[in-house]
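**Q** Residue numbers (our numbering), protein chains in the order written: chain A, 1 to 172; chain B, 1001 to 1172. C-beta: ideal position from N, C-alpha, C; glycine also. In this text, all values refer to a predicted model and were calculated from it rather than measured experimentally. Pasting a structure below so you can have a look.
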DNA sequence: AGACAGCATTAACCTATGTTAAAAATAACG
DNA sequence: CGTTATTTTTAACATAGGTTAATGCTGTCT
């Protein structure tokens, strides 16, 4: 947890109101964020204006558009606060540079990336093999607290279905 | 590319016949593989015996059940040769240990994990926002050569639909 | 060539989810 | 409190994709 404390010390704290965006799809975003308090959603907006939620981000997590920050390209998604949030912001470059100096930071980075890839793999598996209602059950079992905090609209967008379909699924 | 040459030197070369499995879902798999030649598929088998393909692996790629190897848990997927393959095998532990000694190896690891996460993100995006036929178009545009080599069955399993549905999609 | 195996197509019918729109419930606010 | 917004439910219909099964195609072995 050297990394987290480095960020806490050297990053700049920002407050985000509910509904505000931390960064926006299509824009450059060179930072990485450590979530101190609050809850956020990372989401895509497709050409035809449809929103789909990539993930929900809870406190204690490090989040950022890694590829955007790393490759200096526009972010493919937006990050928005679902509640009032307190974040600590730091340029990814700074962390990467740091990791070049310190083995233990590198190692931590590797750990973070490995666990991120685990998360993505689970998600991929679910999208590929489970029906919408199975995915919903999964979410409810995995993180019932989170489900309580979310609006049905956002849950649906996360599951990849419409709120109407989710309402139907619930009544069974 | 220090990592690749380390693997090439210190790993053990194995040959896999078409149809053979490199490792199997449910088993431990502590190795990571560098694909020298050939083509493979990584796939899940669900409880009800349905197969879905996670990804196709072409030569030059490093593949393995990272989480299985790292956390010493059974792999969640199998790896099978679609053509006769030549691989170089090495324990992930050995690479992780190595990365603790060498900053440049750590850095390479980080690069690999970052690009892996980019790939997964694209896949997640597609599964979440595109229809089956859009996903098929995408695949055809991104890697037409690959599509030629694959059976329609495998393409369908990769897209998350049945071969019947894929056949329908093609005729439009 | 003939016989078989493995793929691909087609068709008929079924189910899950999308779409639109209206009604009902809940939350937010003066 | 009563009034507006916002979210959720319900209903009716449309569509994509699943299921099963039959048919056709291609290649391989003898």
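1. At a cut-off of 6 angstroms, is residue 127 of chain A close to the ligand ZN when judged by its beta-carbon and the heavy atoms of the ligand?
2. With 16 other CB atoms within 10 Å as the buried threshold, where does residue 145 of chain A fall?
3. Starting from the C-beta of residue 1002 of chain B, find all residues in its chain whose C-beta is less than 7 angstroms away, skip the five residues before and the five after it, and write them out in chain order.
4. What are the boundary residues of the beta strand (DSSP E) that residue 1074 of chain B is part of?
5. At a CB-CB cut-off below 9 angstroms, which residues of chain B make contact with residue 110 of chain A?
6. Of all the options A/39, A/17, A/7, which has the alpha carbon lying nearest to the alpha carbon of residue 149 of chain A?
7. Give a yes or no on whether the minimum CB-CB distance between residue 160 of chain A and chain B is below 7 angstroms.
8. Does the beta-carbon distance from residue 1081 of chain B to residue 1016 of chain B come in below 7 angstroms?
9. Against chain A, does residue 1133 of chain B count as a neighbour if the rule is that its beta carbon must be under 7 angstroms from one of theirs?
10. What is the rounded straight-line gap between the Cα of residue 1076 of chain B and the Cα of residue 116 of chain A?
11. Given this structure, state the Cα-to-Cα distance separating residue 12 of chain A from residue 59 of chain A, to the nearest angstrom.
12. Tell me the rounded alpha-carbon separation between residue 1098 of chain B and residue 1062 of chain B.
13. Are the CB atoms of residue 122 of chain A and residue 159 of chain A within a distance shorter than 7 angstroms?
14. How many Å lie between residue 175 of chain A and residue 1019 of chain B at the Cα?
15. Using beta carbons (cut-off 7 angstroms, strictly below), is residue 1117 of chain B in contact with chain A?
16. Quick check: residue 960 of chain B and residue 1022 of chain B, are their CB atoms within less than 7 angstroms of each other?
17. Beta-carbon of residue 1128 of chain B versus every beta-carbon of chain A: anything under 7 angstroms?
18. With a threshold of 16 other CB atoms inside 10 Å of the CB of residue 88 of chain A, please say whether the residue is buried or exposed.
19. At which residues does the beta strand (DSSP E) containing residue 155 of chain A begin and terminate?
20. Alpha carbon to alpha carbon, what distance is there between residue 1086 of chain B and residue 157 of chain A?
21. Buried or exposed, going by whether 16 or more other CB atoms sit within 10 Å of the CB of residue 1032 of chain B?
22. For residue 52 of chain A, count neighbouring Cβ atoms within 10 angstroms of its own Cβ and tell me buried if that reaches 16, exposed if not.
23. Kindly provide the ranges of any beta strand (DSSP E) runs that are 3 or more residues long and lie completely inside the segment 1019–1086 of chain B, ordered along the chain.
24. Comparing the C-beta of residue 1030 of chain B with each C-beta of chain A, is any distance below 7 angstroms?
25. Using the beta-carbon count (16 or more within 10 Å), is residue 64 of chain A buried or exposed?
26. Could you tell me how far apart the beta carbons of residue 72 of chain A and residue 28 of chain A are, in whole angstroms, since I believe they sit closer than 8 angstroms?
27. Of the choices A/74, A/50, A/114, A/110, whose alpha-carbon is the least far from that of residue 163 of chain A?
28. Is there a C-beta anywhere in chain B that falls below 7 angstroms from the one on residue 67 of chain A?
**A** Once the coordinates are examined:
1. Of the ligands one can find in the structure shown there are none, so the ligand ZN has no counterpart to examine.
2. Classification for residue 145 of chain A: exposed.
3. 1104, 1105, 1108
4. From DSSP, residue 1074 of chain B is part of no beta strand (DSSP E); its letter is neither H nor E.
5. 1096, 1099, 1106, 1109, 1110, 1113
6. A/39
7. Taking Cβ atoms only, chain B reaches closer than 7 angstroms to residue 160 of chain A, which makes this a yes.
8. yes
9. no
10. 16 angstroms
11. Answer to the nearest angstrom: the Cα atoms are 16 angstroms apart.
12. 16 angstroms
13. No, the pair does not count as a contact, with Cβ atoms beyond the cut-off.
14. The structure shown does not extend to residue 175 of chain A, since chain A is modelled only from 1 to 172, so the question has no answer here.
15. yes
16. As displayed, chain B neither begins before 1001 nor continues past 1172, which places residue 960 of chain B out of reach and without an answer.
17. yes
18. buried
19. Element bounds for residue 155 of chain A: not the beta strand (DSSP E) but the alpha helix (DSSP H), 152–159.
20. Rounded to whole angstroms, the gap between the alpha carbons of residue 157 of chain A and residue 1086 of chain B is 43 angstroms.
21. Buried is the call here.
22. So residue 52 of chain A counts as buried.
23. 1021–1023, 1031–1037, 1039–1045, 1051–1058, 1078–1081
24. no
25. buried
26. 7 angstroms
27. A/50
28. Chain B places a beta carbon closer than 7 angstroms to that of residue 67 of chain A, counting this residue as a contact.
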